[in-house]
Structure formats: C-alpha cells, structure tokens
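Step one of this worksheet: look at the structure below.
Number of protein chains: 2
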Amino acid sequence: MSIFSSCKFVPHAILLQPKASLKTPNQSLATVHCTKVVRNVNLEKLRHNYLFPEIEARALEHMKKYPDANIIRLGIGDTTEPIPDIITSNMAEYAKALSTRKGYKGYGAEQGHKALRKAIAESFYKDLGVKDAEVFVSDGSQCDISRLQLLLGSSVSVAVQDPNFPAYMDSSVIIGQAGDFLDETLKYKNIEYMTCGPHNNFFPDLSTTSRTDIIFFCSPNNPTGHAASHEQLTQLVEFARKNGSIIVYDSAYSVYITDGSPKSIYEIPGSRECAIEISSFSKIAGFTGVRLGWTVVPDELYYANKVPVIHDFDRIVCTCFNGASSIAQAGGLACLSPEGFKAVMSVVDYYKENAKILVETFTSLGLVVYGGVNAPYVWVHFPGSRSWDMFSHILNKTHIITVPGSGFGPGGEGYIRVTAFGQRENILEASVRLKNVYL
Amino acid sequence: MSIFSSCKFVPHAILLQPKASLKTPNQSLATVHCTKVVRNVNLEKLRHNYLFPEIEARALEHMKKYPDANIIRLGIGDTTEPIPDIITSNMAEYAKALSTRKGYKGYGAEQGHKALRKAIAESFYKDLGVKDAEVFVSDGSQCDISRLQLLLGSSVSVAVQDPNFPAYMDSSVIIGQAGDFLDETLKYKNIEYMTCGPHNNFFPDLSTTSRTDIIFFCSPNNPTGHAASHEQLTQLVEFARKNGSIIVYDSAYSVYITDGSPKSIYEIPGSRECAIEISSFSKIAGFTGVRLGWTVVPDELYYANKVPVIHDFDRIVCTCFNGASSIAQAGGLACLSPEGFKAVMSVVDYYKENAKILVETFTSLGLVVYGGVNAPYVWVHFPGSRSWDMFSHILNKTHIITVPGSGFGPGGEGYIRVTAFGQRENILEASVRLKNVYL
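So, in structure tokens, the structure goes:
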C-alpha cells in the first residue's frame, strides 16, 4: 500500500478551504489522505453542537441580518461586572512577584494551594466537617465534571435532572455512559431523566426514579433557578444511600440563595458517605474568564469494593490535570478574605437585583416565571410554544438573546432561560423592549 | 434495605481519621456506609502512583530522616527562574483591568483568544501552513493529553516510546486503551512499546513496530533528551501515513533544540494529514504554575469515516474545557512579542548552560550521558544498576533528588534523569557534591 493512499471522497471542509492550503496545486481533491483511525463511537452519538456555541452561531447570523441592532445578551450566564479591586490587586501582585527570586513559584500542588483549600473549607463548609484535604481546586466546575467522568468510566449508570445543564449529559455521552439517542423521546437510552417542573415543585418523584450509580443534581438549579429545600435534599440523600448511589452535587450558584435553603449538600446528615460537591468561583466573583473552581470528595465516600473514591480522584487530578493557574488561585484566596468576600457579595447582590427586574418584567407580561430568587436565572414559561421558536421570536422582535429551554433537555421545552448577569442599563433596556413589544 | 445499610469492614483510611471526623461518637467502625458503585476497572489497572507524587513522597521521607540536609531538587522538571518582567507586567495589567468597566471580560472563547492563537501560529509555525483556527489554547499539554484521550476513546490502539513521559500511558490506562499490566514484562498488554536507546539512536525500529491507531512521540524527548532528526521524523511520518495512524507529537521542549533538528512535526512533508502537535509555555517561559499550552489539529486530519478530527476536538474543548485562564493567555501573548520572546529565550539559555554543566559533571565521573544538548534533561546511564537503587543511592549520598529512569517505562531501567531546571548555584553545588562522592 502506498504511503499516499487516499480515501475517495471530497470532504466539505476541504472544498471550503482556499486552494493555497492544499498541499500542491495539482493535488486532486479526490486523493486526500485519510487515516484508518475509527472515530470514537461516543462522539458519533452527540446529537448537536454544544448549546452555547450553537446560540452564538445564531446570534452571529442575526447580527449579519441586522448589523445596526443593539443586541442585548441574556443568553449564556456570563458575568459582566468588574471584579472588585481587592481581588485583582492580589492577582496582579502575585503575577508581578513571579518576576522576583522570592516570589517565583513553578508547579504548585495539583490539588491546589494549601491556603486556598483551607479557605474554601472554612468559608463554604464551616461546621460541616469538610477537611482541607478533601477540597480539590480546579479550573472550573465544567472541567471537573469531565474529570469526574474520567474517574467514573463508561460502565456506571447516570441520572440527570430534566432540564439540566448540558455538560453533565454531554460528558456522559463522551465517556460512553449514555447509549443511543432516541428520536422518539429526545433522550439518551441509558440516562435516567428526572423531570423537574412546577408540577413537582422542581424536585423529581423519587418513587418512580430508577436506581443509578450516579445522580447529577444542581441546586440552585441551572436552568430553572430552583433551590432544593432541606426536606427535598434529605429525600435525595436517603434515596442515594438506599440505592448505594453517588450524588454529584453542583452548588455553583449557592451564594445566590436568599431563602435559607441549603447552600451545600453537606448540610444534610448522611451526605458525606454518598455525595461529591462541585462548585466554582465563576459566578461568585466574576471569574468566568479567570477560571477557578473546586470539588469536594469526602473521605467517607467508598466504592462497592471499599476503595475510597478520594484515592482515585486524587490520581485523576495528578495525572490529567496540573493544578489551576497560580494567579487565579491568588485571586480565589483574596475573594475569601473578609473584605474580599464582602466585595464580591455586593456584586452578587447587584445581579440579584437584576433578577428581580427580570422577574417583574416577565410577570407583568402575564407570563408565569420561576427562579430569579435563589439564582441568577429566570425561567419563563410559554405554555404551548416551542423553545427555539420563542428564542427566535424574542431575538427578532427585541434583539435580546436568551436560551431556549429545550437546550437543557426535553423537560425544558416550552421555556426560555434568561440570565440576570448583565449591566443594569441593559437589563432595564431589555425590560423596556419586552414590555413595548408584548404588553 | 435500610438506608443505613453498611459494608462490613474497617477501612484503613477510616482508622487513621481522628475520631471527631466520624459522624457520631458511638458509630461503630464496622457500620460505615459504602456505595454500590463499582470502581472504574481502568483505575484498578493503574499500577502505582503517578511518578512525581511518588518521588515527592520519598523526598519527604528523606527530609524527615535528614532534617538538616540541604536538598537539591533535580527531579521533576520544574522551572526555577523568575519570569521576565515584560511578561508578568502584562499579566498584572490584564488582571488589574478586570476591575474596570472597559477591561472586564467574562468567558473567553473555549479555543483561546484569537490574538494568541494567531501569535502561536506565526511564532512557532511560520511557513508551515498552520492556521490560527487550528491552534487550540490549553492550560498545559498534560491536560490536553487527557482531552485527546477523551476524543479518541477506549477502542483505539496506542504506541508510546519507551521510555516515555508517564502521562501518555497513564491516560491511556484511565480511558481504557491499555489492557492489563503484565508483571513479566512490566508492560501494559495492549500498548505498543517503541524502545528508544543508544542502540537505535533513540529512534524506534519501525520495521518491527506494530501498526497502531495512535503514536505518541515526544521530541526533544522527555526523559532521554534526544531530538529526532529530520530523517527520523520523515520515517515516522511515512510509517504513520502507510498505517493510517495519527501521531500525537509533543514538542514541549522544542525551544531547547540547538542542532537544527526539526522543532515541529509540521516541518515534515505529509504530516498535516497524520499528526496532532501538543506543546506548552511551561518550559518556554516558566509557566509551570501559570498554566498555558496549546494543541494543533490540522484541517486535513481525518478519521477513517472522513470526519475531520478538528471537528471532534473542537467539541471536546467546548464541552470538557472552558478555556485557559485569560490572565495566563495575556502572559502568553506577551511571551510572543519580539521583546518578550528575546527575554524568555535568555532564561532558556540559562537552563541550557545548566545542562552543559550537568553533562560535564556526569561525564567526568566516567558515566555515559545522553541528552542535555537539545533538551533540559540529562539522561545518565548506570549499566547493570537499577534506577530506583541509583535514585536512592544518589539521594542518600548527596541529598540530590533525581528521577529513576524506570519510572518512564521498562526501557528507562538503568538510567536516571537529571533536570537542568534549577538555580545555577544549586547546579554547581550538585556538581561539587557528585564529584566529591563519586570521583
């Protein structure tokens, strides 16, 4: 076989390339070399683009159509407000010190700086028994979800809330847990979907939920904005313990809770033996671009064969990750000083005020609205409508980008998610536009 | 079944915990709850701790034994010299600007800032046809190796150089490509080991190498320090094309090349259809703690079914990663300005001078030494000795930490790796100690 063996086809991407990028001017498009590597069957199973890039693509299309439109982005939950100076100063100082003999540091511990692990344990888990060594600093919870999937492997069974943040399910598909996508149900065959809506107070009916190894659970929820109550989480922990399941609890929005709902799964007795918690500085401190988060794996969490889960997670972190950026970690530490925390919480309050304005706006249009009280997301119901239709309708009528609820799973059909992350003037302008068009 | 069902055992980790950490004072150790989640069989197959934490554990043990010893760390390849001010200033300014309305930015593109992708393409791949959009910015090549494994999945076959950087193999085991570890050979059953040593000028005998889907290839090599020649890499590319394989080429040490060997696999004709390149700012600019790297996936690289690999890698990056820290990216951009690059290359020259001193030292002891010319690693041969024995012997006699060659695979047995990353005074002191003990 010649080393210039070729596959007989004219791939679309090649056709779109400028000719200069082809190896030789005379090379025929039909003789392009392709490898014999079989595409990962799990990636074949992913149904569509990851949600947010898909929305971005549609936004770009809209901008081409309306080049003069002033678009307001209430789609991806992306922080907009400057980070308090006390935090960026600490990062800047840390960065500058890297130019000095005394301040230079190379590799840090893969699990994170000791001082930061301790500060996280003390700030978010006071009196909950979380030890510093159980806290693993990450570059964000989305990244740690994939590392958890590497930990768990393809053989575990998985449950997700429906609707849910797409990273849980997409990473399940990529690692090979999900099975085939079924067009009839719009669900992956091997994933247990726990429907959460107004009919069940956004908490799954556990009496009809099948046992799975892993239960992804996000509270306050993205996208519905619902914070599970102490009673609901107690049921969840009992369910997980009875079934020998592991809960992967995502508390990325816990600082937005205002009604006394639990901010951590470890507030629930018995959870240390059945729950991992992932969280993030992204929405606490505007670190979406800085990249910093953490995962807690309690010592008492064991596999069926009695090996502690923390042992394997430590191995994954050491092998597949090399620690979060040391500068970002310096920023995280500054966030958790008393002054730093006060400063970031004032930004959180600003977004909460935005959420109130959005709730009031959509309510005034006669719509039923959920979320927005314990979370920076407002979940608006359009009974009888399709989410992508409403997404397009709102975009076309008001130049406001939202997120179609169906992007979070079939349980999100008929809803749109609106983010409260935004500059106040834009939130107010969005409110005016919506009222003008729909009131 | 009770929700307080328990497994009947007294796990070691629990016994070591202070009593206060147990749920209730009267809780019996024999009634600890464990889940029914089966441990990932791939993690069962990992043979030992990840190499560097293992060395660190032995170093700590040594420090307990000799609390007054002045230990010199020539083990893990960790940069020691301050980062030039022009780069840290840029990071500090970027960080400070995050406190301003104008300078604040949230999520960046998952694939990296456009300007940085462009600068990487222009700085490292000038005239090699690499497009900006083929460059994916990462938080380091070790992290991207794991993301590549998520891309490839468990069904591909893999070849590694022997000896090799442990992240390739360990990540292969974790994703499920490696099969069982065989005690007789000290090799994983399903991995093709391509022995590289002085007998074959550190380049595998491809006539006896089995075809695999993936070939991990590191040049300049970690740990041997060998930079593959143009002729060797031409053979490798021809071999990959003939077999329809994908080369994952690790060029993390390319700036250390002094003898004109290729700095990128894309210098070899035909490589764009068969090679991915991973690289890193860690050893270019002392970014081991800052965390920044990149991966190039050419448009012309296709799976057997004609899907472009870049399509799936983009999906992995968007789903399993959220971009490198924006502050680190600002630092990377500063590295690639003319002044920045000149400044970081002067630090590279400093480490190269260290390497010369180490080569001279071990040579003067009558040992045969490889590497150190095109790489910051010196690969010292101790014929007839075991690597871990030499590691311990050197540590005990001189308080110098090295890396046992066998930690990089069976082909590294009889060698130790010594890093040239270090402060000059420590390198000189190490030289004196080694000569005093062994001359």
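Chains A and B, in that order, give the protein sequences. For the first sequence, the numbering used here gives the first residue as 857, with consecutive numbering after it. For the second sequence, the numbering used here gives the first residue as 857, with consecutive numbering after it. Built from N, CA and C at the ideal position, the CB exists for glycine as well.
Beta-carbon proximity check, residue i vs residue j, cutoff 8 Å
| i | j | result |
| --- | --- | --- |
| B/Y1122 | B/L1007 | no |
| B/H918 | B/L1290 | no |
| A/G1227 | A/P1022 | no |
| A/D1100 | A/V1146 | Here residue 1100 of chain A turns out to be Gly, not Asp, going by the sequence shown. Contact flag unset, no. |
| A/I1183 | B/S1181 | yes |
| B/D1168 | A/L907 | no |
| A/I1172 | A/R1003 | yes |
| B/G1149 | B/A965 | no |
| A/T1080 | A/F1058 | yes |
| A/D1132 | A/V1152 | The question names Asp, but residue 1132 of chain A is Ile in the sequence shown. Contact flag set, yes. |
| B/K1139 | B/A1108 | yes |
| B/I1166 | B/E990 | yes |
Nearest to residue i (by Cα), restricted to the options the options
| i | options | result |
| --- | --- | --- |
| B/L902 | B/V1200, B/G1032, B/S1117, B/V894 | B/G1032 |
| B/S1241 | B/V893, B/P1260, B/Y1044, B/H1255 | B/P1260 |
| B/N1078 | B/G1268, B/Y963, B/D1069, B/G962 | B/G1268 |
| A/F1238 | A/S1107, A/V1229, A/P1232, A/H1249 | A/H1249 |
| A/A1084 | A/N1178, A/N1230, A/A1286, A/V991 | A/N1230 |
| B/T891 | A/S1127, A/D1245, A/S979 | A/S1127 |
| A/Q998 | B/L1038, B/F1177, B/R929, B/V1104 | B/F1177 |
Rounded straight-line distance, which links the Cα of residue j to that of residue i
| i | j | result |
| --- | --- | --- |
| B/A1190 | A/D934 | 26 Å |
| B/L954 | A/I939 | 6 Å |
| B/I1283 | B/V1203 | 15 Å |
| B/L1214 | B/V1236 | 10 Å |
| B/S1135 | A/V1288 | 49 Å |
| A/F1143 | B/K970 | 20 Å |
| B/Q1279 | B/I1113 | 21 Å |
| B/H1220 | B/F1277 | Checking the sequence, you will find Ser at residue 1220 of chain B rather than His. Cα-Cα distance, rounded: 20 Å. |
| B/C863 | A/I1102 | Residue placement at B/C863 is poorly supported in this model, since its pLDDT is 45, which falls under 50; the coordinates still yield a value, given next. Going from the Cα of B/C863 to the Cα of A/I1102 covers about 16 Å. |
| A/V1029 | A/N1046 | 10 Å |
| B/L828 | B/L1062 | Nothing about residue 828 of chain B can be reported from this structure: the residues present for chain B run from 857 to 1295 only. |
| A/Y981 | A/V1111 | 13 Å |
| A/S994 | A/D1000 | 7 Å |
| B/D1018 | A/C1052 | 52 Å |
| A/F1218 | A/A1211 | 11 Å |
| A/E1129 | A/A1015 | 18 Å |
| B/P1266 | A/D1170 | 25 Å |
| B/G931 | B/H1255 | 12 Å |
| B/M1050 | B/T1065 | 7 Å |
| B/N1056 | B/S1120 | 22 Å |
| A/K1253 | A/V1234 | 19 Å |
| A/R957 | B/V1200 | 15 Å |
| A/T936 | A/E1285 | 16 Å |
| A/G1035 | A/Y1024 | 14 Å |
| B/V897 | A/S1027 | 19 Å |
| A/Q1296 | A/F992 | Not covered by the structure: residue 1296 of chain A. The range shown for chain A is 857 to 1295. |
| B/Y1207 | B/A1141 | 11 Å |
| A/E978 | B/G1116 | 54 Å |
Residue range of the unbroken alpha helix (DSSP H) whose run includes residue i
| i | result |
| --- | --- |
| B/E1281 | 1280–1294 |
| A/A1096 | 1086–1099 |
Continuous beta strand (DSSP E) stretch holding residue i: start and end
| i | result |
| --- | --- |
| B/D1026 | That residue, B/D1026, is in no beta strand (DSSP E); its alpha helix (DSSP H) goes 1022–1031. |
| A/F1247 | A/F1247 -> not in any beta strand (DSSP E); alpha helix (DSSP H) instead, spanning 1243–1254. |
| B/V1104 | 1102–1106 |
| B/V897 | It is not in any beta strand (DSSP E) - B/V897 instead sits in the alpha helix (DSSP H) that spans 897–901. |
| A/H1082 | Run containing A/H1082: none; DSSP gives neither H nor E here. |
| B/A1015 | 1014–1018 |
| B/R1273 | 1271–1275 |
| B/V894 | Careful: B/V894 lies outside any beta strand (DSSP E) and carries neither H nor E. |
| A/C1074 | 1070–1074 |
| A/I1047 | 1047–1051 |
| A/G1268 | From DSSP, A/G1268 is part of no beta strand (DSSP E); its letter is neither H nor E. |
| B/Y1109 | Unbroken run through B/Y1109: none, as it is neither H nor E. |
Residue-level contact to chain C via CB, residue i, 8 Å cutoff
| i | result |
| --- | --- |
| B/Q1091 | Looking for chain C here will not work: the only protein chains present are A and B. |
The ligand FMN heavy atom lying under 7 Å from the CB of residue i
| i | result |
| --- | --- |
| B/K1045 | No copy of the ligand FMN occurs in the structure displayed, which carries no ligand at all. |
### Message
Could you tell me which whole alpha helix (DSSP H) segments of length 4 or greater appear in the segment 1171–1213 of chain B?
### Response
1182–1191
### Contiguous alpha helix (DSSP H) assignments of at least 4 residues, all confined to the segment 921–996 of chain A
Counting only runs of 4+ residues, the alpha helix (DSSP H) found wholly inside the segment 921–996 of chain A occupies 941–953, 970–980, in chain order.
### Task
Only counting runs of 4 or more residues, tell me where the alpha helix (DSSP H) segments fall wholly within the segment 1131–1155 of chain B, in order along the chain.
1138–1141
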